[in-house]
Amino acid sequence: MATDRIARGAEQWVQDFAAALASPDGTDLSALFLDESYYRDTGALTWDFHQYEGRSVIEGVLGSVTGDLEPTNFRLAEHWPAPQVVDNGAGPAVEIFFEFDTRSAKAIALMYGVPDENSPYGFRTQSLYTRLEGIHGVDTPAVHPAGYGYTPRHTGENWLEHRERQRAFDERELEVLIVGAGQAGLMTAAYLRYFGVNALVIDKHDRVGDNWRKRYSSLFLHNTINMNHFPMLRFPEHYPQYLPKDVLGEWLETYSRYLDLDVWTSTDFVGGEYDEANKSWSATVVTASGEKRVLHPRHIVLATGGIGGKPNVPNLPGLDKFAGKVMHSSEFHDSDEYQGKSAIVIGMGSSAHDIARDLCNHGAKVTMVQRSPVVINSVEIANSAYAAGYADGVPIELGDIRYGLALINSLRVASSKMAHQIGKEADAELHRGLEAAGVVLGDGHDNSGWLDLFLRTGGGYYLNAGASELIISGDIKVIQADQITTFTEAGAQLADGTTRNADLVLLATGYQNRKVEVAEQFGQEVADRVGDIARLTDEGEWANMWSQTAQRGLWFSGGGIPQVRPGARILALLIKADLLELIPEAYRRDAHLLASQ
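Residues in the sequence shown are numbered consecutively from 336, following the working numbering.
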């Protein structure tokens, strides 16, 4: 399509879309959307995270919100790419960025249209994504504002004294308590500060970044630096493509200091009780000094992990009789002490492979125990699909909004299946070697590979960074779990009567769902009301992440950096909107549940 025709068609489509939403005769999108079309919203028109499939369903949803939210002022987005034809992974598509306002908020939208010569626009909409972008009347920080950056309480108070007084939260209202100072907690705090919300981050570790520093020594990120930049502070250009965990740990501490976030370390979160009348929490924490303190934030954000927090420790027969060390992968740090010794690693996920490789490279004899089929791809092949939207030169903000649309469930599943098939073909030789070494390979859920498993369960896959070659060479042995009859004092007794001796049994067996922590900290009733966390819902959203939950004032943030970065921004805006009492009761998730009971 010619550039001028794309521009004319895009301009007309945006105006006709606005007219359809405003029509008193009901929302009719038949001329604009395909019958099989998809819509995802993160806060802009539902004040929540939702997905819808099918033109008639989308018409009903958009028609129902128009009267309440009054979307208006639709226009092509000035600071985003102009309308163009792109390859969105399924073929050529017309890409249009547009903006609009609602009664309370500002929104950005991304639309992909399938070229159609019979359409007056030259295309018809296949997918639409709308995202909460700002709130009317909420100013963001000025660039290098005049003055010294603070207002002293008295003429002798310097900036450091001022900040220490603020950080103590003895004299000012705490609006949001964030539990966890990893990437999720800090990014959420950064955005809350950006939107003028008083937030405190607490963390059980001694230093910010210890959640990464204290993990196993060989750990590094398996996705590329291009997609891992932090908001408001990018990584230096000399940083490596795959970040070692200690570099990331130092970066978290640097980030919290450079952005001047309020953080209490060595502070434990005990639990919270919600006061319905005052719409606030009584949150008990134990500070570094041992003082038990009760805080009263309006909101609590649990940012203590992605898929799970508490280790999952299986009950393996006879393991209590084993004379060597038994530990979960979350407790493992260094392989030096196992040189010349033997280790059994239970599990075949990312941590299992990484630790097995590290143990082997430090001179240990390693046996991995496989409990279920595993998806394995080379890290380079995996990132050719996962990181494609963040290639060199693509602004991180552009990659994020395109990723937001790509998470539409039907599109995500199709692209995951395509990436899995490409990976199987590219890694065919690697897979033959692994199968010959006794590894049982799988295809994930419905042949959707590792990209789907990442969101669905957080496990069951490995992006090869060296362990596969050690398995193929025989330096790391692999046996199946059903070959073990029991553990003994010496190690694992196998069905053939032999014993696999060991000095260490390492449980790389994943983590429990975070609702277990919710039950411990807020009570079983709240946990049951909230439900699973960071699991794919039937809609295709990541359950309860960055969105409203069924418990008012309780939010969750977590996951990988590419998920947290856009998610934390929307979460901060939703909290700001709640503090300003902008979210109508009909759009609150807890109100919907109460109405149905």
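Yeah, the Cβ is synthetic: ideal placement off N, Cα and C, and Gly gets one too.
Apart from sequence neighbours up to five positions away, the residues of its chain that approach Thr602 with a beta-carbon distance below 8 Å are Ile537, Asp538, Lys539, Val620, Val621, Thr622, Ala623, ordered along the chain.
From the listed residues Val709, Met446, Glu496, the smallest Cα separation to Asn799 is found for Val709. Taking the C-beta atoms as reference points, Phe822 is found nearer than 8 Å to Phe657. About 7 Å separates the beta carbons of Val680 and Val704, which is inside the 8 Å limit, making them a contact pair. By the Cβ-count criterion, Leu495 is exposed, with fewer than 16 other Cβ atoms from all chains shown falling within 10 Å of its own Cβ. Asn558 is the residue among Ile635, Gly659, Asn558 whose C-alpha sits nearest the C-alpha of Ser719.
Restricting attention to Tyr922, Pro897, Gln898, the CA atom closest to the CA of Leu909 is found in Tyr922.
If you draw a 10 Å sphere on the C-beta of Asn613, you find fewer than 16 other C-beta atoms in it, and that means exposed.
Residue Phe604 holds the alpha-carbon nearest to the alpha-carbon of Gly625 among Arg633, Ala638, Phe604.
For Ile896, same chain residues with a beta-carbon under 6 Å away, outside a window of 5 residues either side, are Gln518, Asn563 in chain order.
Between Lys441 and His479 the beta-carbon gap is near 24 Å, outside 8 Å, which marks them as no contact. DSSP places Gln756 in the uninterrupted alpha helix (DSSP H) bounded by 744-761. For Gln461, the number of other beta carbons within 10 angstroms of its own is at least 16, and it is reported as buried.
As summarised for the segment 577-622, the continuous beta strand (DSSP E) elements at least 3 residues long and confined to that stretch are 603-610, 615-621, given in chain order. Per DSSP, the beta-bridge partners of Gly826 are Asn836. Judged by their CB atoms, Glu510 and Arg633 are nearer to each other than the 8 Å cut-off. For Leu463, the pairing in a beta bridge is given by DSSP as Tyr374, Met446. For the pair of segments examined, the segment 752-760 was found not to touch the segment 791-798: the number of CB pairs separated by less than 8 Å stays below three. Three or more Cβ pairs drawn from the segment 520-530 and the segment 900-909 lie within less than 8 Å of each other, which places the two stretches in contact. In the DSSP annotation of this structure, the continuous segment of the beta strand (DSSP E) that includes Asn799 starts and ends at 796-799. The beta-carbon distance between Gly801 and Arg692, rounded to whole angstroms, is 5 Å. This is short enough to meet the 8 Å contact definition. Scanning Leu594, Leu742, Phe565, Met522 for the CA closest to the CA of Asp376 turns up Leu742. Going by beta carbons, Thr884 and Val899 fall outside the 8 Å limit. Judged by DSSP in its simplified three-state form, Thr820 adopts strand. Apart from sequence neighbours up to five positions away, the residues of its chain that approach Ile918 with a beta-carbon distance below 7 Å are Trp382, Ala912, ordered along the chain. Assignment of Lys911 by DSSP, reduced to helix, strand and coil, places it in the helix class. Ranked by Cα distance from Asp363, the options Ala342, Arg343, Ala345, Gly395 are led by Gly395.
Inclusion of Leu356 and Thr401 in the CB contact set at 8 Å is warranted, their separation being smaller than that value.
Non-local beta-carbon contacts of Trp415 in its own chain, meaning distances under 6 Å to residues more than five positions away in sequence, involve Phe432 in chain order. Per DSSP, reduced to three states, the secondary structure at Asn718 is helical.
Ranked by Cα distance from Ser783, the options Val813, Ser745, Asp810, Ile811 are led by Ser745. Here the alpha carbon of Ile393 sits roughly 16 Å from the alpha carbon of Gly875. Only residues of its own chain outside the window of five on either side were considered, and among them Tyr551, Ser664, Phe667, Val680, Leu841, Ala843 have a CB closer than 7 Å to the CB of Ile690, listed in chain order.
Ranked by how close their Cα comes to the Cα of Ser391, the residues Ala379, Gly378, Leu369 have Leu369 in first place. Less than 8 Å separates the beta-carbon of Leu556 from that of Leu578.
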